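Notes follow once the structure below has been shown.
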Amino acid sequence: NAGVTQTPKFRILKIGQSMTLQCTQDMNHNYMYWYRQDPGMGLKLIYYSVGAGITDKGEVPNGYNVSRSTTEDFPLRLELAAPSQTSVYFCASSYRYEQYFGPGTRLTVT
Amino acid sequence: AQKITQTQPGMFVQEKEAVTLDCTYDTSDPSYGLFWYKQPSSGEMIFLIYQGSYDQQNATEGRYSLNFQKARKSANLVISASQLGDSAMYFCAMRNVDSNYQLIWGAGTKLIIKP
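Shown next as structure tokens:
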């Protein structure tokens, strides 16, 4: 039982490039989330999903897109990367209350 | 609007002492839940404890307990007999049952345990 896995662990992007952050969970959770954590700050919700085929915006969705074609996978797409997207990205999943987090992806945009 | 406030940016505590990390919240909804997560320097987010707004008793999990004072809208985390491994960032978060289990996060408190 791997829980929530994220790839890659680290990535450096040039301004204007695009990439997809992968997230997979094996706990059969309906709810999945993407957060970003800027240095010294708490987490901010980017997008979330309540089940396959259903996604919605969180607090800071601009510059990102998501899809949820299966219960297990919830990829986050960055289009036209900007320096402001330099952050640590966490994926999480939940059945009800407690959210289980992946190890995070540290992204730098230069 | 819902809000979580952690007023202690950082704390130093002597090993084996008890620690109280403050968290106040604001919500107009009667049904909500409060969480504490630990983030060590390695970066992962570790769930510690949960308190529902209708729970009659304060939540406890091992050395962690939640001092829930509903009238004051506070949900402080108490760590008994602190250990060096407790050094980490601690985040308080709140869910609203009507918001698809979204969490609203505080800014965190950096706890350093001194030997």
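Protein chains in written order, with my numbering: chain A, 4 to 113; chain B, 938 to 1052.
Beta carbons are placed, not taken as given, at the ideal position from N, Cα and C, and that holds for glycine.
Remember, predicted model here, so these are calculated numbers, not experimental data.
CA nearest to the CA of Ile-1041(B), picked from Thr-74(A), Asp-76(A) and Trp-37(A)
Trp-37(A)
Give the interface partners of Arg-80(A) over in chain B, defined as CB-CB distance under 9 Å, in chain order.
The contacting residues do not exist; Arg-80(A) stays about 21 Å from chain B at best.
Classify Tyr-67(A): buried if its beta carbon has 16 or more other beta carbons within 10 angstroms, exposed otherwise.
buried
CB contact flag (Ile-18(A), Pro-86(A), <8 Å):
yes
DSSP three-state label for Ile-59(A), please.
First, the residue type needs correcting, since residue 59(A) is Asp and not Ile in the sequence shown. If DSSP states are grouped into helix, strand and coil, Asp-59(A) belongs with the strands.
Member of Tyr-1027(B), Tyr-1038(B), Met-948(B) and Gly-989(B) whose CA lies at the smallest distance from the CA of Ala-1044(B)
Tyr-1027(B)
According to DSSP, is Asp-76(A) helix, strand or coil?
strand
Can you pull the chain B neighbours of Ser-97(A), defined as C-beta to C-beta under 8 Å?
Tyr-1038
Would you decide whether Lys-940(B) is buried or exposed? Buried here means 16 or more other CB atoms lie within 10 Å of its CB.
exposed
Please return the same chain residues whose Cβ sits closer than 6 Å to the Cβ of Phe-972(B), not counting the five positions on each side in sequence.
Tyr-987 and Ala-1030
Counting only the same chain and skipping the five closest in sequence on each side, list residues whose C-beta sits under 6 Å from that of Asp-963(B).
Lys-940
Compare the beta carbon distance of Lys-1010(B) and Thr-961(B) with 8 Å and say whether it is the shorter of the two.
yes
Leu-81(A) beta carbon less than 8 Å from that of Ser-21(A):
yes
Could you pull out every residue in the same chain whose Cβ sits closer than 6 Å to the Cβ of Gly-947(B), ignoring the five residues on either side in sequence?
Lys-1047
From the beta carbon of Tyr-969(B), is the nearest beta carbon of chain A less than 8 Å away?
no
Going along the segment 19-48 of chain A in order, which residues come within less than 7 Å of chain B, judged by CB to CB distance?
Tyr-34, Met-44, Gly-45, Leu-46 and Leu-48
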